[in-house]
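Student: One structure is given below, represented as structure tokens, and several questions about it will come after.
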Amino acid sequence: MELTTRKLLTIVTESALEDTLVHDIENLGARGYTITDARGKGGRGMRDATWAPHANIRLEVLCDADTAQAICTALRERYYDNYSMVMYVGEVVVLRPEKF
Amino acid sequence: MPSVEPVILFFVLGAIAGFVRSDLKIPGVLYEALSIFLLLAIGLKGGVELARYPLLDVVLPALAVVVVGALIPLVAFPVLRGVGKLSSADAGSIAAHYGSVSVVTFAVGASYLARLGEAAEGYMTVFLVLLEFPALMIGVLLARRGEQGTPWRQVIHEVFAGKSIVLLIGGLVIGWVAGPGGIAPLDRLFFDLFKGLLAFFLLEMGLVVARRFGDLRRAGFFLVAFAVLMPLAAAGLGLVTGMLLGLSVGGVTLLATLYASASYIAAPAAMRIAVPQANPALSIGAALGITFPFNLVVGIPLYHRLAQHLHHVGA
Numbered sequence: 001m002e003l004t005t006r007k008l009l010t011i012v013t014e015s016a017l018e019d020t021l022v023h024d025i026e027n028l029g030a031r032g033y034t035i036t037d038a039r040g041k042g043g044r045g046m047r048d049a050t051w052a053p054h055a056n057i058r059l060e061v062l063c064d065a066d067t068a069q070a071i072c073t074a075l076r077e078r079y080y081d082n083y084s085m086v087m088y089v090g091e092v093v094v095l096r097p098e099k100f
Numbered sequence: 101m102p103s104v105e106p107v108i109l110f111f112v113l114g115a116i117a118g119f120v121r122s123d124l125k126i127p128g129v130l131y132e133a134l135s136i137f138l139l140l141a142i143g144l145k146g147g148v149e150l151a152r153y154p155l156l157d158v159v160l161p162a163l164a165v166v167v168v169g170a171l172i173p174l175v176a177f178p179v180l181r182g183v184g185k186l187s188s189a190d191a192g193s194i195a196a197h198y199g200s201v202s203v204v205t206f207a208v209g210a211s212y213l214a215r216l217g218e219a220a221e222g223y224m225t226v227f228l229v230l231l232e233f234p235a236l237m238i239g240v241l242l243a244r245r246g247e248q249g250t251p252w253r254q255v256i257h258e259v260f261a262g263k264s265i266v267l268l269i270g271g272l273v274i275g276w277v278a279g280p281g282g283i284a285p286l287d288r289l290f291f292d293l294f295k296g297l298l299a300f301f302l303l304e305m306g307l308v309v310a311r312r313f314g315d316l317r318r319a320g321f322f323l324v325a326f327a328v329l330m331p332l333a334a335a336g337l338g339l340v341t342g343m344l345l346g347l348s349v350g351g352v353t354l355l356a357t358l359y360a361s362a363s364y365i366a367a368p369a370a371m372r373i374a375v376p377q378a379n380p381a382l383s384i385g386a387a388l389g390i391t392f393p394f395n396l397v398v399g400i401p402l403y404h405r406l407a408q409h410l411h412h413v414g415a
């Protein structure tokens, strides 16, 4: 079994951004993504998901290092000033590298 | 206390539960389901009523209501900028919230009138639908004057494909096509259960308002005053417009309620995309934290009383 490393980019942000964000990351080269509803607390206060304007999502992308870098740079530029957004990148081992 | 509308007490209960930090929580899916139900039911009811009127009788008053309604954000914006010293992004966003309407406030107004046996023109729901979006567009224009790069396509999609417009218009059309006879088999679900489910929804709104009360501290005195005075001024505009259009006491009350109400579902979603610089805590804090409960508890009975009075004087 072949094991290869890829980047796991995780973005936690406002659910209002879901559509635009999906559009952005696909344009930047992501070949897939996973979105889950999320809630928590951060610099912009409690985001408890009790109703739409206070709901968060967690968007995860498995991709190569260049794509992760490109997405991080673009999203930081576009959204960090005005939206609640946290991004982090980790290294993970995947089974089918050609997919990501 | 015969004059207290019982569904409002559910709102109060939710607010109290929120303030005492009860573990009461309405699951998000239930909230979603309830809002879908309410929007559809309001649309259907309006559609059934609309079928009773020749379409032309509705078009001209609707046009007048929309044109006059556009004054609300246009008046609110300079006040927010000049008196409140807010940025144009915040002022435009808040103006859009107040120019747009709250479906739940309308529903509470309608059930308040129904309980008193006060009839209203059935086509008020058409006004509700038409008043949702012009103010959002005006607010975005005001907030972003001279700026490039407004994502208009996305904003328009957000507004017109948003669930509130889809369900309200969808319900209206279904009700209108089916007519009272056709809808009769669905009455039990959509009309008989309406008030109970509205009560459920208001319980949740009480919880949300209580949890967000902290936002109001950031809003400051000006915005608190604005959130009470703006609906009163807008209701005045609604009372006069309703009288000039020759609406019944119920119709005048509902038009005043519509003008007085501030959107806190469609507007926040659209503004977040269209005017990202605007602080949502300010607009939602004012619209939901103050104006919504104010209209529920004080506004609707007051607008009704004034509508009665105007009709009395007019007669």
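Quick note, the sequences are listed as chains C and B, same order. Just so you know, we're using my numbering here: the first sequence kicks off at 1 and counts up by one. Just so you know, we're using my numbering here: the second sequence kicks off at 101 and counts up by one. Note that CB positions come from ideal geometry on N, CA and C, so glycine has one too. Bear in mind the structure is a predicted one, so any value in this text is a computation, not a measurement.
So what does D292(B) bridge to, in DSSP terms?
Tutor: As a first step, residue 292(B) must be located in the second sequence, where it is residue number 192. Looking at the DSSP assignment, D292(B) forms no beta bridge with any residue, so it has no partner.
Student: Below 8 Å on the Cβ atoms is my guess for G128(B) versus G306(B); work out the distance and round it to an integer in Å.
Tutor: As a first step, residue 128(B) is located in the second sequence; it is residue number 28 there, counting from the start. As a first step, residue 306(B) is located in the second sequence; it is residue number 206 there, counting from the start. Wrong, their Cβ atoms sit about 16 Å apart, outside the cutoff.
Student: So with Cβ pairs under 8 Å, would you call T20(C) a contact of chain B?
Tutor: The count along the first sequence starts at 1 and reaches residue 20(C) at position 20. It does: the Cβ of T20(C) has a partner Cβ on chain B nearer than 8 Å.
Student: Determine the DSSP secondary structure at Y364(B), reduced to helix, strand or coil.
Tutor: The count along the second sequence starts at 1 and reaches residue 364(B) at position 264. Here Y364(B) sits in coil by DSSP.
Student: Taking a cut of 9 Å between CB atoms, which residues from the region 345 to 370 of chain B lie near chain D?
Tutor: Given the protein chain composition of this structure (C and B), no chain D is represented.
Student: Just reading off the alpha helix (DSSP H) that D123(B) is part of, what are its end residues?
Tutor: Sequence index remark: in the second sequence, residue 123(B) carries index 23 (1-based). Looking at the DSSP string, D123(B) is not in any alpha helix (DSSP H), and its letter there is neither H nor E.
Student: Whose Cβ in chain B lies nearer than 7 Å to the Cβ of Y83(C)?
Tutor: Locating residue 83(C) in the first sequence gives position 83, where the first residue counts as 1. Per Cβ cutoff of 7 Å: P376.
Student: Please tell me whether G275(B) and I283(B) are closer than 8 Å, where the distance is taken between their beta carbons.
Tutor: Along the second sequence, read from residue 1 onward, the residue named residue 275(B) stands at position 175. Along the second sequence, read from residue 1 onward, the residue named residue 283(B) stands at position 183. Yes, the Cβ-Cβ distance between G275(B) and I283(B) is below 8 Å.
Student: Given that A65(C) touches chain B, what residues does it touch there, using C-beta distances under 9 Å?
Tutor: Along the first sequence, read from residue 1 onward, the residue named residue 65(C) stands at position 65. Going along chain B, no residue has its Cβ under 9 Å from A65(C), so there is no contact; the nearest lies around 29 Å.
Student: Leaving out five residues on either side along the sequence, give the residues of the same chain with a beta carbon under 8 Å from the beta carbon of V328(B).
Tutor: Sequence index remark: in the second sequence, residue 328(B) carries index 228 (1-based). Hits under 8 Å: I390, T391 and F394.
Student: Is any beta-carbon of chain B found at less than 8 Å from that of A70(C)?
Tutor: As a working note, residue 70(C) is residue 70 in the first sequence. Answer no: the Cβ-Cβ gap between A70(C) and chain B never drops below 8 Å.
Student: Quick check on DSSP: helix, strand or coil for A41(C)?
Tutor: Position 41 of the first sequence, counted from the start, is the residue given in the question as residue 41(C). Note on identity: in this sequence residue 41(C) is Lys, with Ala being the wrong assignment. Of the three classes helix, strand and coil, the one that applies to K41(C) here is strand, per DSSP.
Student: Answer yes or no: do G314(B) and L213(B) have a C-beta to C-beta separation smaller than 8 Å?
Tutor: Along the second sequence, one-based indexing puts residue 314(B) at 214. Along the second sequence, one-based indexing puts residue 213(B) at 113. No, they are not a contact pair.
Student: At a CB distance below 9 Å, what residues from the region 244 to 255 of chain B approach chain C? Give them in sequence order.
Tutor: Cβ contacts with chain C: P251 and Q254.
Student: Mapping DSSP to helix, strand and coil, what is N395(B)?
Tutor: In the second sequence, the residue the question calls residue 395(B) occupies position 295. Of the three classes helix, strand and coil, the one that applies to N395(B) here is helix, per DSSP.
Student: Counting contacts by CB-CB distance shorter than 8 Å, is A38(C) in contact with chain B?
Tutor: Counting from 1 along the first sequence, the entry for residue 38(C) is found at position 38. It does not: the Cβ of A38(C) has no partner Cβ on chain B nearer than 8 Å.
Student: Since I136(B) and L272(B) are thought to touch, with beta carbons under 8 Å apart, how far apart are those beta carbons, to the nearest angstrom?
Tutor: Start at 1 with the first residue of the second sequence, and residue 136(B) comes out as number 36. Start at 1 with the first residue of the second sequence, and residue 272(B) comes out as number 172. About 15 Å; that fails the 8 Å criterion.
Student: Skipping 5 residues on each side, what residues in its chain have a beta carbon closer than 8 Å to that of V158(B)?
Tutor: The sequence position of residue 158(B) within the second sequence is 58, counting from 1. Excluding sequence neighbours, V158(B) sits near L150, Y223 and V226.
Student: Of the residues L174(B), A195(B), G114(B) and V166(B), which one's Cα is nearest the Cα of A418(B)?
Tutor: The question about residue 418(B) has no answer here: the residues shown for chain B are numbered 101 through 415.
Student: Closer than 8 Å, CB to CB, is R372(B) near chain C or not?
Tutor: Against the second sequence, residue 372(B) aligns to sequence position 272. Chain C contact via Cβ: present.
Student: Where do the N-terminal and C-terminal ends of the alpha helix (DSSP H) with G199(B) fall, by residue?
Tutor: Counting from 1 along the second sequence, the entry for residue 199(B) is found at position 99. Start and end: S188 to G199.
Student: Which chain C residues sit within Cβ distance under 8 Å of P380(B)?
Tutor: Translated into positions along the second sequence, residue 380(B) becomes position 280. By Cβ distance, chain C contributes P53.
Student: Going along chain C, which residues have a C-beta under 9 Å from I274(B)?
Tutor: Position 174 of the second sequence, counted from the start, is the residue given in the question as residue 274(B). Chain C residues near I274(B): none, gap ~25 Å exceeds 9 Å.
Student: Just to confirm my understanding: we take L171(B), look at its own chain, exclude 5 residues before and 5 after, and list those with CB closer than 8 Å. What are they?
Tutor: By 1-based counting over the second sequence, the position of residue 171(B) is 71. So the qualifying residues of the chain are L337.
Student: Check whether chain C comes within 8 Å of I384(B), counting only Cβ atoms and requiring the distance to be less than that.
Tutor: Start at 1 with the first residue of the second sequence, and residue 384(B) comes out as number 284. For I384(B), the answer is yes, since a Cβ of chain C falls inside 8 Å of its Cβ.
Student: Based on Cα-Cα distance, which residue from H412(B), G346(B), L410(B) and A360(B) lies nearest to L231(B)?
Tutor: The sequence position of residue 231(B) within the second sequence is 131, counting from 1. Residue A360(B) is the option with its Cα nearest to L231(B).
Student: Looking at the unbroken alpha helix (DSSP H) that takes in M330(B), where does it start and where does it end?
Tutor: If you number the second sequence from 1, residue 330(B) lands on position 230. First-last of the alpha helix (DSSP H) with M330(B): F313 to L344.
Student: Are the beta-carbon atoms belonging to A108(C) and V61(C) less than 8 Å from one another?
Tutor: With chain C covering only 1 through 100, there is no way to say anything about residue 108(C).
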